[in-house]
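Here the structure comes first, spelled out in structure tokens, and everything after it is commentary.
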Amino acid sequence: GGAAAAAAADDTPVDFVHKKLKKMNTDMYYRQHKFNLLAEESEGYAKLLSFFVVGISEGGTVGKDGEDDDGEVSSSKEARKYVRELIGAFDLDPNRVLDLALDALEWELNEIILS
């Protein structure tokens, strides 16, 4: 009787440790910890928004140094490439980039409708 009770008592801490390890691994590898992303990489998000507004409104691009460029976006491929470069250079969150792109498109649609 005593050996079975001791074995059951030993299983409980092992199970507890396994559950804790699973929870730690899940937290470490699968949960995203997000912060105020606009405050962390404000330069990258500022360049991205400038590109969206200038690119949508005027058909221009924003140069790598942040200055406006009078050139035209010749293809959506170039626009995607530039956005990917900004994401990589400033380590921007792709989900937040998509959210800002949709916000810029919504703003442009409202401008068209109201004018």
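Take the sequence shown: its letter number 90 is residue 1184 in the numbering used here, and every next letter is one higher.
Just so it is clear, CB atoms sit at the ideal spot from N, CA and C, and this is done for glycine as well.
Residue range of the unbroken alpha helix (DSSP H) whose run includes residue i
{"i": "Leu1192", "result": "Pro1188 to Leu1208"}
Where residue i sits in the DSSP three-state scheme
{"i": "Arg1125", "result": "coil"}
{"i": "Ser1169", "result": "coil"}
{"i": "Lys1158", "result": "With a pLDDT of 47 at Lys1158, under the threshold of 50, the modelled position of this residue cannot be trusted; read the value that follows with caution. Of the three classes helix, strand and coil, the one that applies to Lys1158 here is coil, per DSSP."}
{"i": "Glu1179", "result": "helix"}
{"i": "Asp1109", "result": "helix"}
{"i": "Glu1135", "result": "coil"}
{"i": "Gly1095", "result": "Low confidence applies here, because Gly1095 scores a pLDDT of 48, under 50, leaving its location unreliable and the question unanswered by this model."}
Nearest-angstrom Cβ-Cβ length linking residue i and residue j, presumed shorter than 8 Å
{"i": "Asp1185", "j": "Glu1135", "result": "6 Å"}
{"i": "Leu1142", "j": "Val1111", "result": "With a Cβ gap of about 45 Å, Leu1142 and Val1111 do not count as contacting."}
{"i": "Phe1146", "j": "Ala1195", "result": "6 Å"}
C-beta atoms of residue i and residue j nearer than 8 Å
{"i": "Ala1173", "j": "Gly1138", "result": "no"}
Contact test: residue i Cβ vs the ligand GTP heavy atom, cutoff 7 Å
{"i": "Ala1173", "result": "This structure does not include the ligand GTP; it has no bound ligands of any sort."}
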